[in-house]
Structure formats: C-alpha cells, structure tokens
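Here's the structure we're looking at; comments come further down.
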Amino acid sequence: MTQRFHQVLSSLLFTFSLSAQAGSGGISLGQTRVIFSSADKAQTLTVSNSGQQAYLVQARVQNGLDDTTPAPFIVTPPLFSLQGDSRQLLRLLPQGATLPTDQESLFYLSISAIPAQAEPVTAANRLSVGVRFVIKLFYRPQGLALPADNTPCLLTFKREAHGVRAINPTGYFQTLGMLAVDGHTVALDQQPAMVPPHSSITLAVDGPVNKVAWQTLTDYGGLSQSCQQTGSASTETTP
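Quick note: the sequence shown uses our numbering, first residue 19, plus one each step.
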C-alpha cells in the first residue's frame, strides 16, 4: 500500500505545501507545531477532513525539510484513509535515539494527502490535487536552564555590514514572529526567522540599528511578550 501511495503521489499534476492553519480541500491539522518533551512517552495530533471528499493520507517525521531519511520518531498510523467529515488521531512515538540534553532538537512532521479514487484510472486521465502540510517538531530535553516562556527577551541584536544579527544564547529554538528596527517592520516571510539554540542568524536590514523590538512564536503558535533592545540591553515591555 505504501508503494502504491508513492506511485500515485509522484504522478500528481499539482501538489501544494501548506501550513497547518491553511486547510485545503477540507484537510486541516489541529496544531501548528509539536513540542515533544524528553519525559513524554508519546504526543498526539489530529488530522481533520471537513469536506466530503475522501483522502489517502501519509504521515512521517523527517530530519529536515529536504532530508527524508528516517528520524528518531515514528507516526502511527503512517498511512490511512480519511473519509469526509471525519478525524484521525495520530500518535508520535520516540525511537530511543540519543539526542542532545542541553538544547532542543528540530525535526519536521510531513503529512501528505491525495484524493481517494473510487475506481482505478489511468495516469493520462488523472488530474488530482495533492495537499501537504509540514510542521516543526521540537524535541525538548528536561532540565534546560529556563522555561521556554522566559527566553524571548534573552535574544540580542547586533548591526552587521549586511543587516542585523539575531543572537540566541538559550537552548531553545527561537522563531521571530515580529521584528521592528527603529520603528520599521522587517519582512520575515522571505528570509529565515528561526534562530537555533546557541547560534545566530543575520536578517536583511537597511540603515542604522538603534532600537530593536521583537516577539517570538510561543509553543502554541501565538506571539510572546514584546521585547526591545536599545543599544546593547534588551528588556521585556509587556507581560
């Protein structure tokens, strides 16, 4: 069945990659990210079909957006039929891999769906629209120095020749949801906005950098408290 799914998927004329919030053809996910604590035995995620069309769905965890090698998590069921106006609960299970204990690890949950065919059709007559969701799975070890909610304002920013560098001294992945430099909003949809643990990224910004304001994405996909930096100090500005 899995081989047949790959054959059908590879013959699709149209395939869309979507966020979990952008349902298509009635298919949607119950959350925008998965946080997997090292103490968890499993995590769950709901796939819903609000339309009438049945879909064949495949779910898997991969190491990167373009790296489809097996990740240290499995999804059950990995392949299933989702009828119209129904839901399927997925379980994500760890596979016992040794992962860093001083910082988060990042994986990607990929969920692909194609319309189910009532009868066999030839490739020449097939005009199916596939949908694909890719959301982040964060593996979070216990014992990190601070709770995740306390870390957004620990980011610091430094002017560089080609922009501003965001520096993350924490063990968490910090994804910028809003960034403003000297009152001007920085477009984050066309450049990397996630700062890995104990690392940094450079964002394209023109002009001087005197005051930086930002918010990061929370575990639930919302925005954190507002933070700002004037000069070399960063502070929390809202609860």
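Every residue, glycine too, gets a C-beta built ideally from N, C-alpha and C.
Here Leu127 is not near Val75, since their CB atoms are 8 Å or more apart. By DSSP's assignment, Phe98 forms a beta bridge with Val75.
With contacts defined by Cβ atoms closer than 8 Å, Ala205 and Leu194 do not form a contacting pair. Secondary structure of Asn228 (DSSP, three-state): coil. In the three-state DSSP reduction, Asn67 falls in the strand class (E or B). Beta-carbon to beta-carbon, Leu241 and Gln247 are separated by about 17 Å, too far to satisfy the 8 Å threshold. Scanning its chain for C-beta atoms nearer than 7 Å, with the 5 sequence neighbours on each side dropped, one finds around Tyr73 the residues Ile45, Asn67, Leu100, Ala131, Ile132, Pro133, Ala134, in chain order. Taking the C-beta atoms as reference points, Phe91 is found no nearer than 8 Å to Pro118. Under DSSP, Tyr126 takes part in a beta bridge, and its partners are Gln80, Lys154. With fewer than 16 other beta carbons inside 10 angstroms of its own, Glu178 counts as exposed. Burial state of Thr188 is buried, judged by a 10 Å Cβ sphere holding 16 or more other Cβ atoms. Here the alpha carbons of Met196 and Lys229 stand approximately 14 Å from one another. Rounded to the nearest whole angstrom, the CA to CA distance from Gln61 to Arg109 is 6 Å. Taking 8 Å as the upper bound for CB-CB distance, Ala231 and Ser218 are not in contact here, some 18 Å apart. Spanning the alpha carbons of Ala198 and Gln121 requires a straight line of approximately 27 Å. DSSP, reduced to helix, strand and coil, places Ala198 within a strand of the structure shown. Residue burial is scored here from C-beta neighbours: Gln192 has at least 16 other C-beta atoms within 10 angstroms and is therefore classed as buried. The C-alpha of Ala163 is placed about 13 Å away from the C-alpha of His216. Pairing Leu97 with Met212, the inter-Cα distance amounts to about 30 Å.
Contact check for Gly102 against Gln71 passes: the beta carbons are separated by less than 8 Å. At a Cβ-Cβ threshold of 8 Å, Asp200 and Pro170 do not count as neighbours.
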